[in-house]
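Undergrad:
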Amino acid sequence: MENLRIPGPTPCPTEVLEAMSRQMINHRGPVFGKTLAEVTEKLKLLFQTKNDVFVLTASGTGGLEAAVVNVLSPGDKVLSVSIGVFGERFATIAKIFGAEVIPLRFEWGKAAESDAIRQALKANPDVKAVLVTHNETSTGVTNDLAAISEAVKEYDKLLLVDAISGLGSINLPVDDWHCDVVITGSQKGWMTPPGVAMASVSPDAWKAHAEAKMPRFYWDFGKARDYLKKQQTPWTPGMSVIFALSVSLNMMVKEGLPNIIARHARIAELTRKSVKSLGLALFADENYASNTVTAVAASNGLDVARMRKILREEHQTVVAGGQQNLDGKIFRIGHLGWVTENDIEKVIAALKVVLPQAGFKGGNQ
Ligand SMILES: Cc1ncc(COP(=O)(O)O)c(C=O)c1O
-8 MENLRIPGPT PCPTEVLEAM SRQMINHRGP VFGKTLAEVT EKLKLLFQTK
42 NDVFVLTASG TGGLEAAVVN VLSPGDKVLS VSIGVFGERF ATIAKIFGAE
92 VIPLRFEWGK AAESDAIRQA LKANPDVKAV LVTHNETSTG VTNDLAAISE
142 AVKEYDKLLL VDAISGLGSI NLPVDDWHCD VVITGSQKGW MTPPGVAMAS
192 VSPDAWKAHA EAKMPRFYWD FGKARDYLKK QQTPWTPGMS VIFALSVSLN
242 MMVKEGLPNI IARHARIAEL TRKSVKSLGL ALFADENYAS NTVTAVAASN
292 GLDVARMRKI LREEHQTVVA GGQQNLDGKI FRIGHLGWVT ENDIEKVIAA
342 LKVVLPQAGF KGGNQ
């Protein structure tokens, strides 16, 4: 089997894949209804929330669009806290739907600073919501969301969080950190194929929803809430992915959230240590380095495209490249979801062989 070490889609356990091949049933019947209700309850547990949680048939980006259109009106001011590609995407969605976006950008590889957020909110008292990425997959940085939330709530603003590649792997207590809308995606730490986004919605987000005027139909949380009362979704759901999610959530609940979080921390630490022992440098500020994806700087002659090709063709190992401005400058190792130390040890062993073949002149090669 290929060692798929990109930050999503991630490998899925056999039981999860087998659930995908289940025969179709009535998506408005009692059996699917029970599965949907159970999935929703388990998600609440893993989101650490009493807020409403919805399963949307979409990739993560669909979930981000849902977060925007359900709480905002055209002309609303939003503060976009951006530390990479996905922070920019969240801002772009808000802009396209007519929000006035105030950008607050931090250098890629660094985390957002909560004091700068305080200053921006002080300077823009009419901001309605703050958009923030929990775990920036493009740079391998996890923001200090607890500190960011504290700043945002001092100014009593809505907090919309892209937690697509962090939730379920890195601690994010949605209620304790007062997050109003939080989005994640099935193909990340949830050990499930792509196709489902999950969203939590706070009471304050519901108040905003009642006033929000951005166009919405498919994404309307109100419709999702009405249908969930009947154990249904408004539209035909991606049932096979939900069957798979139901199995992976059982596995996650059995492992226990604290154990999952600790496993990710342990494996991330091993990844960072091993990468450095090869003579490579981390791209992310190590104080905020992500426990789901490690971004590695290409230095000392390393040709990332060549390295990835040799890894893929000769070592059945797939790592991710850099996105946009970071193309050719970094590569990324995913370690989220169904991952063990052994998966990382295999990547490191392959890198040891491939780095010199791909021009790397650093370290002890
Ligand atoms: C932080 C973050 N936001 C948004 C997305 C976009 O999700 P999708 O590709 O599922 O639409 C991703 C996917 O890599 C992500 O990691």
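For the sequence shown, my numbering gives the first residue as -8, with consecutive numbering after it.
Glycine is no exception: its CB is placed at the ideal position from the N, C-alpha and C atoms.
(1) Could you say which of T133, L269, A280 and E305 lies nearest to S290 if we only look at CA atoms?
(2) Answer yes or no: do G131 and S281 have a C-beta to C-beta separation smaller than 8 Å?
(3) Whose CA, out of L273, D43 and I258, lies closest to the CA of K214?
(4) Just to check, is the beta-carbon of N126 closer than 7 Å to a non-hydrogen atom of ligand 1?
(5) Quick check on the DSSP output: the beta strand (DSSP E) that includes V309 runs from which residue to which?
(6) For D211 and N61, which I take to be in contact (beta-carbon distance under 8 Å), what is that distance rounded to the nearest angstrom?
(7) For I93 versus V69, is the C-beta distance shorter than 8 Å?
(8) Report all residues from its chain with a CB closer than 6 Å to the CB of V244; omit the five preceding and five following residues, and keep chain order.
(9) I'd like to confirm something about G(-1): is its beta-carbon nearer than 7 Å to some heavy atom of ligand 1, or not?
(10) Cα separation between Q110 and N134?
(11) By Cβ distance below 6 Å, which residues in the same chain neighbour S71 in space, the five residues on each side in sequence not counted?
(12) Do you know how far the Cα of S160 is from the Cα of E9?
(13) Just to confirm my understanding: we take G157, look at its own chain, exclude 5 residues before and 5 after, and list those with CB closer than 7 Å. What are they?
(14) Taking the alpha-carbon of A235 as reference, which of C3, H326 and V309 has the nearest alpha-carbon?
(15) Could you tell me which residues DSSP pairs with V132 in its beta bridges?
(16) Counting C-beta neighbours from all protein chains within 10 Å, is the total for A203 16 or more, i.e. buried, or is it exposed?
(17) Quick one: what does DSSP say G176 is sitting in, helix, strand or coil?
(18) Could you check if Q178 belongs to the surroundings of ligand 1, using beta carbon to heavy atom distance under 7 Å?
(19) In this structure, how does DSSP classify N333 when only helix, strand and coil are distinguished?
(20) Do the CB positions of L271 and L37 come within less than 8 Å of each other?
(21) Mind reading off the beta-carbon distance from G51 to I155? Whole number of angstroms is fine, and I expect it under 8 Å.
(22) Beta strand (DSSP E) containing D153: first to last residue?
(23) Where does the unbroken alpha helix (DSSP H) through V22 begin, and where does it stop?
TA: Straight from the coordinates:
(1) For the purposes of this step, residue 290 is identified with residue 299 of the sequence shown, where counting begins at 1. Nearest C-alpha to S290: L269.
(2) Here the question's residue 131 lines up with position 140 in the sequence shown. Here the question's residue 281 lines up with position 290 in the sequence shown. Taking 8 Å as the Cβ cut-off, G131 and S281 qualify as a contacting pair.
(3) Numbered from its first residue, the sequence shown carries residue 214 at position 223. Comparing Cα-Cα distances from K214 to each of L273, D43 and I258, the minimum goes to D43.
(4) As a first step, residue 126 must be located in the sequence shown, where it is residue number 135. Answer for N126: yes, Cβ within range of ligand 1.
(5) In the sequence shown, counting from the first residue as 1, residue 309 sits at position 318. Unbroken beta strand (DSSP E) run through V309: T308 to G312.
(6) Taking the first residue of the sequence shown as position 1, residue 211 is located at position 220. Taking the first residue of the sequence shown as position 1, residue 61 is located at position 70. 7 Å between Cβ atoms; contact.
(7) Your numbering for residue 93 matches position 102 in the sequence shown. Your numbering for residue 69 matches position 78 in the sequence shown. Contact flag set, yes.
(8) What you label residue 244 is simply residue 253 of the sequence shown in a count that begins at 1. Closer than 6 Å at the Cβ level, and outside the excluded window around V244, lie K33.
(9) The residue given as residue -1 occupies position 8 in the sequence shown. For ligand 1, at least one heavy atom lies less than 7 Å from the Cβ of G(-1).
(10) Position 119 of the sequence shown, counted from the start, is the residue given in the question as residue 110. Position 143 of the sequence shown, counted from the start, is the residue given in the question as residue 134. Each residue's Cα considered, the two are about 18 Å apart.
(11) One-based indexing of the sequence shown puts residue 71 at position 80. Contacts found: A82, V92, P94 and L122.
(12) Numbered from its first residue, the sequence shown carries residue 9 at position 18. Numbered from its first residue, the sequence shown carries residue 160 at position 169. For E9 and S160, the distance between alpha carbons rounds to 23 Å.
(13) Position 166 of the sequence shown, counting from 1, holds the residue named residue 157. Cβ within range, chain order: H125, N126, T133, L163 and T283.
(14) As a first step, residue 235 is located in the sequence shown; it is residue number 244 there, counting from the start. That would be C3, whose Cα lies nearest to the Cα of A235.
(15) The sequence position of residue 132 within the sequence shown is 141, counting from 1. In the DSSP output, where bridge partners are listed per residue, V132 has E127 and A280.
(16) Position 212 of the sequence shown, counted from the start, is the residue given in the question as residue 203. A203 comes out buried.
(17) On the sequence shown, position 185 is the one that residue 176 refers to. If DSSP states are grouped into helix, strand and coil, G176 belongs with the strands.
(18) The sequence position of residue 178 within the sequence shown is 187, counting from 1. Yes, the beta carbon of Q178 sits closer than 7 Å to at least one heavy atom of ligand 1.
(19) Here residue 333 is taken as the residue at index 342 of the sequence shown, counted from 1. Assignment of N333 by DSSP, reduced to helix, strand and coil, places it in the helix class.
(20) Mapped onto the sequence shown, residue 271 falls at position 280. Mapped onto the sequence shown, residue 37 falls at position 46. For L271 and L37, no; Cβs fall outside 8 Å.
(21) Along the sequence shown, read from residue 1 onward, the residue named residue 51 stands at position 60. Along the sequence shown, read from residue 1 onward, the residue named residue 155 stands at position 164. Indeed, because the Cβ distance is near 4 Å, the residues count as touching under 8 Å.
(22) Translated into the one-based positions of the sequence shown, residue 153 becomes position 162. Segment L149 to D153, the beta strand (DSSP E) holding D153.
(23) In the sequence shown, counting from the first residue as 1, residue 22 sits at position 31. Boundaries of the alpha helix (DSSP H) around V22: P21 to F38.
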